[in-house]
Ligand code: C2E
Ligand code: CA
Ligand code: CA
Ligand code: CA
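In the UniProt record's numbering, the protein residues as written are 473 to 751.
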């Protein structure tokens, strides 16, 4: 190999070759997974802090990989995004989540809200509106029970187009939440230009509450900012009672996190909700 010419070296650098092959294989497997719908949604409770009631859930995607088992979205969403496969995967997630929320609401005889994460590609998809409309129609879920989570960077990429997309979604009746709030680069001035209903305080702030003075100040400020704009404020990644106490004390509306419930398969989620954990 050492004697091979420059051109050959450029094409057969073993390290690059290996990485590229792994990637190609993953893309192949992901494409196959889209065909066979080899995904699962896990659901994490959203809890109303004042009443302690579960008001809904966030749907979190997992890939059922034939060899690796359940693969976390952090590992495959970037690849799905680059290849555009996220558009089909996201459509599946949207449809599945709406059907699930409708079925829970029927068996509980009260409405649950389902939150679904959108990726940048999905958000820019001209067919998004139609896909949301279809997911609602085929599940029978009222639009007001669907919440779409988007990030600041998705809104700030092309703010005017983003605002137009959001207004159209709002006209359908769905709710819009800003995910990971505080980690992006949105200017506060922009916030009021977007038709949003909810801010989600990023876990990176919540996790240092109440010990870090700086992060506690940030969390408190986001709560009061959200409230003064008339928005619902959700804290994500709540793991300790001290964090929950702090959030409650400062008037945060909704909490989500391991303290209140890990993401669970649909069957386990509804068992948890009905308070009859069989195992
Ligand atoms: P995210 O939307 O910020 O979701 C919250 C993540 O934090 C989830 O990770 C959740 O399992 C985790 N989490 C929840 N509570 C706690 C806690 O108390 N402590 C800690 N340490 N973590 C907690 P997950 O499920 O691995 O999802 C990671 C990211 O993948 C999500 O972040 C979201 O950006 C993306 N994602 C998940 N599902 C979808 C989807 O259907 N479509 C798109 N486009 N992205 C998705
Ligand atoms: Ca989210
Ligand atoms: Ca989040
Ligand atoms: Ca996050």
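Positions of the beta carbon are idealized from the N, C-alpha and C atoms, including for glycine.
Report yes if the CB atom of residue 718 is closer than 7 Å to the CB atom of residue 682, and no otherwise.
yes
Looking at the unbroken beta strand (DSSP E) that takes in residue 534, where does it start and where does it end?
526 to 537
Using three-state DSSP, classify residue 670 as helix, strand or coil.
strand
Would you give the residue range spanned by the alpha helix (DSSP H) that residue 662 belongs to?
660 to 663
Check whether the Cβ atoms of residue 611 and residue 673 sit closer than 7 Å, and answer yes or no.
no
Tell me which same chain residues have a C-beta within less than 6 Å of the C-beta of residue 655, skipping the five on either side of it?
674
Take the Cβ of residue 617 as the centre, count every other Cβ of all protein chains shown within 10 Å, and call the residue buried at 16 or more, exposed below.
Its Cβ being crowded by 16 or more others within 10 Å, residue 617 is buried.
Short check: CB of residue 685 to CB of residue 722, under 7 Å?
When the beta-carbon positions are compared, residue 685 and residue 722 stay at least 7 Å from each other.
Cα-Cα separation between residue 587 and residue 619, rounded to whole angstroms
Computed Cα separation, rounded: 5 Å.
Does the beta-carbon of residue 621, which I'm using as the reference point, lie nearer than 6 Å to any heavy atom of ligand 2?
yes
Report yes if the C-beta distance between residue 528 and residue 590 is below 7 Å; otherwise report no.
no
Residue 556 to residue 515 span [Cα, whole Å]:
24 Å
Under 7 Å between the Cβ atoms of residue 638 and residue 667?
yes
Between the CA atoms of residue 507 and residue 550 - distance to the nearest angstrom:
The alpha-carbon atoms of residue 550 and residue 507 are separated by roughly 19 Å.
In this structure, how does DSSP classify residue 521 when only helix, strand and coil are distinguished?
coil
Only counting the same chain, and skipping five residues up and downstream in sequence, which positions put a Cβ closer than 7 Å to that of residue 505?
Contacts found: 511, 535.
Enclosing alpha helix (DSSP H) for residue 602 [first to last residue]:
600 to 611
With 16 as the cutoff for other CB atoms within 10 Å, does residue 794 come out buried or exposed?
Past the boundaries of the shown model lies residue 794; the chain is included only from 473 to 751, so the question cannot be answered.
To the nearest angstrom, how far is the alpha carbon of residue 594 from that of residue 559?
Going from the Cα of residue 594 to the Cα of residue 559 covers about 5 Å.
Quick one: using the 10 Å Cβ neighbour count with 16 as the cut-off for buried, is residue 715 buried or exposed?
buried
Drop a sphere of 10 angstroms on the beta-carbon of residue 476, count the other beta-carbons inside from all chains shown, and report buried for 16 or more, exposed for fewer.
Residue confidence is low: residue 476 scores 46 on pLDDT, short of 50, so the model does not pin down where it sits. Its coordinate-derived value is still stated next. With fewer than 16 other Cβ atoms within 10 Å, it is exposed.
Within 10 Å of its beta-carbon, does residue 546 have 16 or more other beta-carbons around it, so buried, or fewer, so exposed?
exposed
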